[in-house]
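Asks:
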Amino acid sequence: MNTAEILAPVGGQAQLIAAVRAGCDAVYFGAKGFNARRNAENFSDLTEAVSYCHARGVKAYITLNTLVGNDEIAALDETLREICEAGADAVIVQDLAVARRARALCPDLKLHASTQMAVHNAAGVLQLEEMGFDRVVLARELSLNEIAAIRKKTHVELEAFVHGALCMSASGMCYLSSALGERSGNRGLCAQPCRLNFKANGREYALSLKDLSNLAHLKKMAQAGICSFKIEGRMRRPEYVASAVDACRKAANGEKYDESSLERMFSRAGFTDGYLTGKRTLDMFGRRREEDVANEKEYAQMRNLYRAEYRRVPVDMRFVAGWNKTTLTVTDGDAVITVTGNGVEPARTSPTGEERVKGSLAKTGDTPFYLNRVEIELPENAAVSLSDVNALRRDALDLLMEARLAPSPVAYEKSPVEIPEYRPSSPLRIRARFERAEQMKGFPVDEVEHVILPLREVLLHPELRELPQLICELPAIIYPGDEERVAEMELPQVMCENIGAIRLMKGKGMRIFGGHCLNIFNALALEGYRKLGVESATLSCELTMRDIASFGGTLERGIIGYGRLPLMRLRSCPVNRCSTCTGKNDIFDRRGTAFPLLCADKRFATLHNSVPLYVGDKKIDGVDFATLYFTVESARETRDVFHAFSDRASVPFDRTTGQYFRGVL
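When we follow our numbering, the leftmost residue of the sequence shown carries the number 697, and every step to the right adds one.
#1: State whether the stretch 999 to 1007 contacts the stretch 1289 to 1309, with contact taken as three or more CB pairs (one from each stretch) at a distance under 8 Å.
#2: Taking DSSP's pairing of strands, which residues face residue 923 in a bridge?
#3: Would you list the residues sitting across from residue 1254 in a DSSP beta bridge?
#4: Rank 1359, 1166 and 852 by C-alpha distance to the C-alpha of residue 1236 and give the top, closest one.
#5: Where do the ends of the alpha helix (DSSP H) carrying residue 1084 lie?
#6: Ordered along the chain, which non-local residues of its own chain (more than five positions away) have a Cβ less than 7 Å from that of residue 1017?
#7: Enumerate in chain order the residues of its own chain whose CB-to-CB distance from residue 852 is below 8 Å, with the five nearest sequence positions on each side excluded.
#8: Can the beta-carbon of residue 924 be found less than 9 Å from the beta-carbon of residue 703?
#9: Give me the Cβ distance between residue 980 and residue 906, rounded to the nearest whole Å; I'm assuming they're in contact under 8 Å.
#10: Which of the three DSSP states is assigned to residue 740 in this structure?
#11: Would you kindly work out how many angstroms separate the C-alpha atoms of residue 836 and residue 856, rounded to a whole number?
#12: Write down every uninterrupted run of the beta strand (DSSP E) in the stretch 1173 to 1200 whose length is 3 residues or greater and which is fully enclosed by it, in chain order.
#13: Residues bridged to residue 1212 by DSSP?
#14: Between 772, 771, 758 and 1012, which lies nearest to residue 782 when the distance is taken from Cα to Cα?
#15: For residue 1291, count neighbouring C-beta atoms within 10 Å of its own C-beta (all shown protein chains included) and say buried if the count is 16 or more, exposed if not.
#16: DSSP state of residue 1009, grouped into three classes?
#17: Measure the Cβ-Cβ separation of residue 786 and residue 806 and say whether it is below 9 Å.
#18: I'd like to confirm the pairing. Which residues does DSSP put opposite residue 905 in its beta bridges?
#19: Within the same chain, show all residues whose beta-carbon is closer than 8 Å to that of residue 964, passing over the 5 residues directly before and after it, in chain order.
#20: Taking the alpha-carbon positions, what's the residue 1060 to residue 1067 distance?
#21: Using only alpha-carbon positions, find the residue among 1225, 1317 and 1196 that is nearest to residue 817.
#22: Look at the alpha carbon of residue 1129 and the alpha carbon of residue 1329, and state the distance between them as a whole number of angstroms.
#23: Taking contact to mean at least 3 C-beta pairs separated by less than 8 Å, is the stretch 723 to 732 in contact with the stretch 1008 to 1027?
#24: Where residue 1338 and residue 1324 are concerned, what is the direct C-alpha to C-alpha distance, given to the nearest angstrom?
#25: Rounded to the nearest angstrom, what separates residue 743 and residue 713 at their Cα positions?
#26: May I ask which residues mark the beginning and end of the alpha helix (DSSP H) holding residue 1225?
#27: Ignoring anything shorter than 4 residues or poking outside the stretch 759 to 791, list the alpha helix (DSSP H) runs there in chain order.
#28: Taking Cβ to Cβ, would you say residue 1216 is nearer than 9 Å to residue 1161?
#29: Any contact between the stretch 1181 to 1191 and the stretch 1155 to 1169? By contact I mean 3 or more CB pairs, one from each, below 8 Å.
#30: Suppose you measure from the CA of residue 1148 to the CA of residue 952; what does that come to, to the nearest Å?
#31: Between which residues of its own chain and residue 755 is the CB-CB distance below 6 Å, once the five residues before and five after are set aside?
#32: Here's the rule I'm using: 16 or more other beta-carbon atoms within 10 Å means buried, otherwise exposed. How should residue 1142 be labelled?
#33: Can at least three beta-carbon pairs, one atom from the stretch 1261 to 1280 and one from the stretch 892 to 899, be found at a separation below 8 Å?
#34: From which residue to which residue does the alpha helix (DSSP H) around residue 1334 run?
#35: Do the stretch 1092 to 1106 and the stretch 1041 to 1048 make contact, defined as three or more Cβ pairs closer than 8 Å?
So this is what it looks like as structure tokens:
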């Protein structure tokens, strides 16, 4: 029998009922505002939704898995108060600030790390363990062997997606939606531009993956250490939710399920098992077709899955019949309910047997209860009115439901937020980041504060270690097989783009710099990374200059001043021609605009923006440094950009100012 939790997505009341009645063990849903599906219906009355779950033996996790601005901290605190008042079982977070506020205001509320935190190795899990997290949702890009390797080194609960949409990019590291518009995935408003017709190597829809379905691998996933099977789909219909829960429950218990029906509820040219088996092939890709859409008859069949309550709450009953009165006591292990009724009468013919009374008590009807154990005491030769037994049972179960609906609040205590003002150093310092060492030819390295190079370039060119201002940029994604190799590096200064990388390097006597993929969106998160040992950090590129100017905190901070920003980190390469790959390819949108795709040692690829960001001729306040982020430029172009930025001059090429003067929704 399966012991792992089946965790269902809920976007609104209809999906909540469908998920619970279809037999899930837990649900996750958003409060209004701070969650990664802000366009879902979500819940304004959290207490009602949580109580509905708890009354039926289902856990309720609230998603607060988006980035929070400095001006939203007060609203965040109020949302946390509402979550505690509702008695939620856990809160799912992405932003370090949300975790810090939860720990300060409600230390008893369980913390789950969202997949948006991009945790893909044991170091990341261990860091979150140390910070008091109770569960980590692992990155979707991990294989079974990698999950097992993480489990061996860690202790907190591990959760993984088993069914639903599969993002092209590593979660939390996708900026495509905000770069092409204003809708940020890190703020819960992803527009899913990856589903548009991007072309790569002559192939269409090159950024659209099929939906994930790992239901055939649930036993192996549980053996690898996964305690919660998560279904994606908070924006989808209740019929989809019910069918996915039903199929997942059956698969987890070794029963047959109808995969073809599940496909028609929602799929993209079928399903893929994603990265679980370690394969990364073109059959992972797919887009929505007409034949993938269910008809009304199939939707009606799925609605049958949640027409009635799912009986999952065991109750014990004690029925004592007497000549003067009859009592029925019912308990679910917590609440104890006793009701009384009329006494029994002497039997005129044959007395009522215990089995007939038990049969009436077991008729729990359209409730979540089922009879677990029963004790029955009857006087000799008694006639028991079964209609009276039924009435007692109904009354007792109604009262038990009332007791179970009562919220059990989590302790919450106000705690003020103190964010000191920050005065950056002057003048603005410049850092230069290069994709390849050859781009540095003729570059005035003595005129920049730091030179940043990827780890692979530092290993290829050991002479670069002589540069006193060198920072080695660690891979944004360090998979379990690379952890030890990276941890053993002796480097004086490192750039970390992920919380796991920080944990790997911490305590080794090296200076740690934080990269923009840490998604530092507020001063509380900035201070959180300072406490982890980061001494200088690049702020989120989705902030505005106005936000940055009044950011506050104590840690040195900066921005990307120039560069084709990384928009996606991909483990499955959409070009897929490794044997002839030069490390650089292009992906084209519908208009023929080229987006550079750079490969990192066949471990993952990075999709960059089609046009570089440049703010050298704009007013820059509130930061200590600006990084020139070179990717595909020639050595001459790197020099030209440096001189233009140093002179705060305009540039003769197409550019964007990114979100710095626009912002995200």
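Even for Gly, the Cβ is constructed at its ideal location relative to N, Cα and C.
Replies: With the given structure in hand:
#1: No, they do not touch.
#2: In the DSSP output, where bridge partners are listed per residue, residue 923 has none listed.
#3: Bridge partners of residue 1254: 1234 and 1321.
#4: The shortest C-alpha separation from residue 1236 is found at 1359.
#5: It spans 1082 to 1101 - the alpha helix (DSSP H) in which residue 1084 sits, taken as one unbroken run.
#6: Only 1040, 1073, 1074, 1075, 1078 and 1080 meet the Cβ criterion.
#7: 821, 824, 825, 829, 830, 831 and 832, listed in sequence order.
#8: Between residue 924 and residue 703, the CB-CB gap stays under 9 Å.
#9: For residue 980 against residue 906, the beta-carbon gap comes to about 6 Å, under 8 Å, which counts as contact.
#10: In this structure, residue 740 counts as coil in the three-state DSSP scheme.
#11: Approximately 7 Å between the Cα atoms of the pair.
#12: The stretch 1173 to 1200 contains these whole beta strand (DSSP E) runs: 1189 to 1192.
#13: DSSP output for residue 1212 lists no bridge partner at all.
#14: A check of alpha carbon separations from residue 782 across 772, 771, 758 and 1012 identifies 758 as the nearest.
#15: So residue 1291 ends up on the buried side.
#16: Residue state, collapsed to three classes: strand.
#17: Yes, these two residues count as a Cβ contact at 9 Å.
#18: Beta bridge pairing from DSSP links residue 905 with 981.
#19: Taken in chain order, the residues that qualify are 904, 905, 906, 907, 982, 983, 984, 985 and 988.
#20: Straight-line spacing of the CA atoms in residue 1060 and residue 1067 works out to 8 Å.
#21: Out of 1225, 1317 and 1196, 1196 has the C-alpha closest to the C-alpha of residue 817.
#22: So the alpha carbons of these two residues sit roughly 11 Å apart.
#23: By the criterion of at least three beta-carbon pairs nearer than 8 Å, the stretch 723 to 732 is not in contact with the stretch 1008 to 1027.
#24: So the alpha carbons of these two residues sit roughly 7 Å apart.
#25: In this structure, the straight-line span from the alpha carbon of residue 743 to that of residue 713 is close to 15 Å.
#26: Counting along the chain, the alpha helix (DSSP H) containing residue 1225 begins and ends at 1219 to 1227.
#27: The qualifying runs are 769 to 782.
#28: No, these two residues do not count as a Cβ contact at 9 Å.
#29: Look at the beta carbons and you see the stretch 1181 to 1191 touching the stretch 1155 to 1169: at least three pairs across the two are nearer than 8 Å.
#30: Their Cα atoms are separated by approximately 54 Å.
#31: If you ignore the 5 residues before and after residue 755, its C-beta comes within less than 6 Å of the C-beta of 722 and 785, all in its own chain and listed in chain order.
#32: Answer is exposed; the Cβ neighbour count stays below 16.
#33: Judged by Cβ distances under 8 Å, the stretch 1261 to 1280 makes contact with the stretch 892 to 899, as three or more pairs qualify.
#34: Per DSSP, residue 1334 is one residue of the alpha helix (DSSP H) stretching across 1331 to 1342.
#35: No, because fewer than three Cβ pairs between the stretch 1092 to 1106 and the stretch 1041 to 1048 fall closer than 8 Å, the two stretches do not touch.
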